[in-house]
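Heads up: the structure comes next, in structure tokens.
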Amino acid sequence: MLTKIVLIRHGQTAWNVEGRFQGQSDTELMPEGVEQAKILAANFPLPKIDAIYCSDLSRTRCTAQPIADRFNLPLHPVKELREMSFGLWEGVLFDDINKRWPNAMQKFFDNPQSVAIPEGENFQQVQDRAMRAIKRVIKENAGGSVAVIAHGAVNRAILAYAVHIPFEYVWAVGQSNTAYNILSYDDEYKKFYVQTINNTSHLIIK
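Just so you know, we're using numbering that gives the first Met the number 0 here: the sequence shown kicks off at 0 and counts up by one.
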């Protein structure tokens, strides 16, 4: 039995544009992000889904709502799908992080497990909680198709689990705003198959 998951990153926010880690700060979509979400809903990669899940943060809920409206489905917010906590880095410009914590951000992108973000999470912690949520979603929708709207680091952690990518390579997996990834979970063989990663074709055909 195959369960299909369309895993989506939220639309664009001001902090995305400015170069700030958002983490669990509850930022809103900017107008461009709202438009991206509407375009994705209008050009959704599956003709039908059975349920829609998102993190409990505003930027994923607002990205998910047009999809929920299209398929006439309720949103299911899940706290475990929140973005990685970036601790004291949240809301700080990347340039300022480099000044306050020299070389730490580059090390984080080169090998995230080698850096302890002050008061933040690491990828293993993020993956553990995100996969608890994903496994629950699969159990609740076995054999169906679902949409899951989450965040850049969370999506990377889920994809890393699905295809056994070590965390040192996790930033090589692109996750653009409103990009979707399509995964199928095979209950018989207890494994994931990944069909699409970081697809933004809906933004090209707008």
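For glycine and all other residues, C-beta sits at the position ideal for the given N, C-alpha and C.
Checklist entry - How is the beta strand (DSSP E) around residue 6 delimited, first residue to last? => result Position 7 of the sequence shown, counted from the start, is the residue given in the question as residue 6. Run containing residue 6: 1 to 8, per the beta strand (DSSP E) assignment.
Checklist entry - Looking only at C-alpha atoms, which of 183, 10, 90 and 167 sits nearest to residue 53? => result Residue mapping note: residue 53 aligns to position 54 of the sequence shown, counting from 1. Among 183, 10, 90 and 167, the Cα nearest to that of residue 53 is on 10.
Item to check | Buried or exposed (CB count within 10 angstroms, at least 16 for buried), residue 203 | outcome: Here residue 203 refers to the residue found at position 204 of the sequence shown. Residue 203 should be labelled exposed.
Checklist entry - Over what stretch of residues does the beta strand (DSSP E) that includes residue 144 continue unbroken? => result Within the sequence shown, residue 144 is the residue found at index 145, counting from 1. Per DSSP, residue 144 belongs to the beta strand (DSSP E) from 144 to 149.
Item to check | alpha helix (DSSP H) segment containing residue 65, residue limits | outcome: Within the sequence shown, the letter at position 66 stands for residue 65. 57 to 70 is the span of the alpha helix (DSSP H), which, as asked, contains residue 65.
Checklist entry - Measuring CB to CB, does residue 125 end up less than 8 Å from residue 162? => result Position 126 of the sequence shown, counting from 1, holds the residue named residue 125. Position 163 of the sequence shown, counting from 1, holds the residue named residue 162. Contact flag unset, no.
Next on the checklist: At the level of alpha carbons, what is the spacing between residue 165 and residue 157?
Outcome noted: By 1-based counting over the sequence shown, the position of residue 165 is 166. By 1-based counting over the sequence shown, the position of residue 157 is 158. So the alpha carbons of these two residues sit roughly 12 Å apart.
Next on the checklist: Whole angstroms are fine: how far does the CA of residue 30 sit from the CA of residue 51?
Outcome noted: If you number the sequence shown from 1, residue 51 lands on position 52. If you number the sequence shown from 1, residue 30 lands on position 31. Cα to Cα, the separation comes out at about 23 Å.
Checklist entry - With DSSP run on the structure shown, which of helix, strand or coil describes residue 30? => result Numbered from 1 along the sequence shown, position 31 holds the residue referred to as residue 30. Residue state, collapsed to three classes: helix.
Next on the checklist: Looking at the secondary structure, which residues open and close the alpha helix (DSSP H) in which residue 126 lies?
Outcome noted: For the purposes of this step, residue 126 is taken as residue 127 along the sequence shown, with counting starting at 1. Judged by DSSP secondary structure, residue 126 falls within the alpha helix (DSSP H) whose first and last residues are 122 to 139.
Next on the checklist: Quick check on DSSP: helix, strand or coil for residue 75?
Outcome noted: Position 76 of the sequence shown, counted from the first residue, corresponds to residue 75. Strand, per DSSP.
Item to check | Reference residue 154; option with closest CA among 28, 182 and 99 | outcome: As a working note, residue 154 is residue 155 in the sequence shown. It is 182 whose Cα lies nearest to the Cα of residue 154.
Checklist entry - Between residue 128 and the rest of its own chain, which residues show a CB-CB distance below 6 Å, the 5 nearest in sequence each way excluded? => result The count along the sequence shown starts at 1 and reaches residue 128 at position 129. Excluding residues within five positions, the ones whose Cβ falls inside 6 Å are 79.
Checklist entry - Who are the near neighbours of residue 139 in its chain, counting only those whose CB is closer than 8 Å to its CB and skipping five residues on each side? => result Here residue 139 is taken as the residue at index 140 of the sequence shown, counted from 1. By the criterion of a C-beta distance shorter than 8 Å, residue 139 is surrounded in its chain by 50, once the five residues flanking it on both sides are discounted.
Checklist entry - So, helix, strand or coil for residue 115, using DSSP? => result The residue you call residue 115 lines up with position 116 of the sequence shown. Residue 115: coil per DSSP, three-state reduction.
Item to check | Start-to-end residues for the alpha helix (DSSP H) that takes in residue 202 | outcome: Locating residue 202 in the sequence shown gives position 203, counting from the first residue. Unbroken alpha helix (DSSP H) run through residue 202: 200 to 203.
Next on the checklist: I'd like the list of long-range same chain contacts for residue 18, defined as Cβ closer than 7 Å, with 5 residues on each side in sequence excluded.
Outcome noted: Sequence index remark: in the sequence shown, residue 18 carries index 19 (1-based). Excluding positions up to five away in sequence, the list reads 92 and 93.
Next on the checklist: With a threshold of 6 Å on Cβ separation, who are the neighbours of residue 159 within its own chain once the five nearest residues in sequence on each side are excluded?
Outcome noted: Taking the sequence shown and counting its residues from 1, one reaches residue 159 at position 160. The answer, listed in chain order, is 169.
Item to check | Beta-carbon spacing of residue 42, residue 150 below 8 Å | outcome: Here residue 42 is taken as the residue at index 43 of the sequence shown, counted from 1. Here residue 150 is taken as the residue at index 151 of the sequence shown, counted from 1. In this structure, residue 150 does not lie closer than 8 Å to residue 42 by Cβ.
Checklist entry - Which residue comes first and which comes last in the beta strand (DSSP E) that contains residue 181? => result If you number the sequence shown from 1, residue 181 lands on position 182. Here the beta strand (DSSP E) through residue 181 covers 179 to 185.
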